[in-house]
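Let me begin by presenting the structure, written as structure tokens, before commenting on it.
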């Protein structure tokens, strides 16, 4: 048998099993009546969790998948299971969610979109999820090297995965009218979050962490569209576990010092960082020293420069000190070289060394806000502050 025939036969076998696998995937997917695909720049993981917990409280059997800080499956009883990855994230991972949801007889599948390339976003929607409900949290200037070059292009990238004949929900304001227009072109209904949809101050206080009202309002709209009352949905959301990247706050008291640490590491674009910083400053007034703790990544140097430029514009609520940690911190220092706030470079230090450094430079009342990136050192420091706060509280 010639080499060509062997190759042709092998390709035929490969194609046959590929088509068979896709057919089985489609059957499993179509068994799930409600399929919710969550996309956007910020808040995808939180909104996915909020929707899943709200619907679960309303009596639905829900399986959800989080792609954010730590990839996880959320099962119908609310328990979570880590997704073990071999290599880089791959959109084929969405098959795991569909299979898990089908095997658990789920009525609802909620998936955070894990794709960045516009074509991959379309593939994830059209071939893997085929959403009945599509959610766009917001459109911000992030991953412009992939979805850009402009913010407008990011909006177009998200709209490329709009479903046909479905329901679309968004809290995006600047490009809301564009998203609505493109949604209607696909014969889908568009629902925008308005001020009346947002939870009140007392409802937000019931969360055990710092959640964004826009995320809650968006998730509530999805739950209400599926017949779950506002009260039941909120109750489920209050009781749900937050994402590891959520804006949690801990207070550490030691050696006459009180340190409040706000985990805003997931705020890794200029707009989100500004909101996280202002939120922390507003909620914790009266501190003697305010430190912006910026986690830099070697593969996100342009983002570090953008963030440095953003912090340079914080005049009214300016930090007293910026501490750079992680890798390639020079990109941040270059971006922020024209500002008056001193920058302490702690590149290369591990989590314990950074923790000890922050404690040593803190005053009697200090506010530390983590920004930049939750990966690696950001998550390690968040865990260390949480454990440290418990240990010191027992002294």
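Residue numbers (my numbering): 3 to 397.
Ideal placement from N, C-alpha and C gives every residue a C-beta, glycine not left out.
For clarity, every value in this text was computed on a predicted model and none was experimentally measured.
Where residue i falls, given that 16 or more other Cβ within 10 Å makes a residue buried
| i | result |
| --- | --- |
| residue 11 | exposed |
| residue 46 | buried |
| residue 84 | exposed |
| residue 201 | buried |
| residue 358 | exposed |
| residue 189 | exposed |
| residue 68 | buried |
| residue 15 | exposed |
| residue 389 | exposed |
| residue 21 | exposed |
| residue 301 | exposed |
| residue 90 | exposed |
| residue 184 | buried |
| residue 272 | buried |
| residue 31 | buried |
| residue 17 | exposed |
| residue 98 | exposed |
| residue 6 | exposed |
| residue 160 | buried |
| residue 4 | exposed |
| residue 249 | buried |
| residue 342 | exposed |
| residue 297 | buried |
| residue 126 | buried |
| residue 144 | buried |
| residue 258 | exposed |
| residue 235 | buried |
Under the three-state DSSP convention, the category residue i falls into
| i | result |
| --- | --- |
| residue 227 | helix |
| residue 255 | strand |
| residue 330 | coil |
| residue 83 | strand |
| residue 178 | helix |
| residue 35 | coil |
| residue 26 | helix |
| residue 372 | strand |
| residue 212 | strand |
| residue 384 | helix |
| residue 248 | coil |
| residue 63 | coil |
| residue 393 | Its pLDDT being 48, under 50, residue 393 is placed unreliably by the model, and nothing is read from it. |
| residue 16 | helix |
| residue 74 | strand |
| residue 263 | strand |
| residue 103 | helix |
| residue 4 | coil |
| residue 280 | helix |
| residue 166 | coil |
| residue 92 | coil |
| residue 270 | coil |
| residue 46 | helix |
| residue 171 | strand |
Minimum C-alpha distance to residue i - residue among the options
| i | options | result |
| --- | --- | --- |
| residue 167 | 150, 135, 235, 313 | 135 |
| residue 57 | 38, 69, 211 | 38 |
| residue 149 | 129, 117, 91, 130 | 117 |
| residue 137 | 223, 314, 284 | 223 |
| residue 110 | 386, 300, 225, 15 | 225 |
| residue 406 | 247, 30, 86, 259 | The chain is shown from 3 up to 397; residue 406 falls before or after that span and cannot be answered. |
| residue 374 | 334, 194, 261 | 334 |
| residue 244 | 258, 212, 233, 231 | 212 |
| residue 51 | 41, 151, 221, 26 | 221 |
| residue 360 | 126, 205, 323 | 323 |
| residue 171 | 227, 203, 128, 98 | 227 |
| residue 130 | 94, 60, 103 | 94 |
| residue 383 | 306, 164, 266, 285 | 266 |
| residue 139 | 8, 40, 387 | 40 |
| residue 48 | 288, 242, 28 | 242 |
| residue 283 | 205, 369, 354, 210 | 369 |
| residue 253 | 78, 386, 82, 327 | 386 |
| residue 101 | 72, 122, 25, 316 | 25 |
| residue 73 | 61, 86, 173 | 86 |
Inter-residue CB distance, residue i and residue j (contact presumed, cutoff 8 angstroms)
| i | j | result |
| --- | --- | --- |
| residue 92 | residue 65 | That pair is no contact at about 19 angstroms. |
| residue 43 | residue 141 | 6 angstroms |
| residue 371 | residue 310 | Rounded, the Cβ-Cβ distance is 15 angstroms, inconsistent with contact. |
| residue 182 | residue 192 | 4 angstroms |
| residue 239 | residue 264 | Actually they are not in contact, since the Cβ atoms of residue 239 and residue 264 sit about 21 angstroms apart, beyond 8 angstroms. |
| residue 54 | residue 76 | 6 angstroms |
| residue 327 | residue 294 | No, residue 327 and residue 294 are not in contact; Cβ-Cβ is about 11 angstroms, not under 8 angstroms. |
| residue 123 | residue 162 | 6 angstroms |
| residue 325 | residue 354 | Not confirmed; about 15 angstroms, so no contact. |
Ordered list of beta strand (DSSP E) runs contained in the region 107-146, each at least 3 residues: 110-114, 135-138
Go through the region 291-369 residue by residue and report every complete run of the beta strand (DSSP E) that reaches 3 residues or more, in order. If we require 3 residues or more, the beta strand (DSSP E) runs fully inside the region 291-369 come out as 291-298, 323-328, 345-347.
Taking only runs that begin and end inside the region 180-208, name each unbroken alpha helix (DSSP H) of 4 or more residues, in chain order. 203-207
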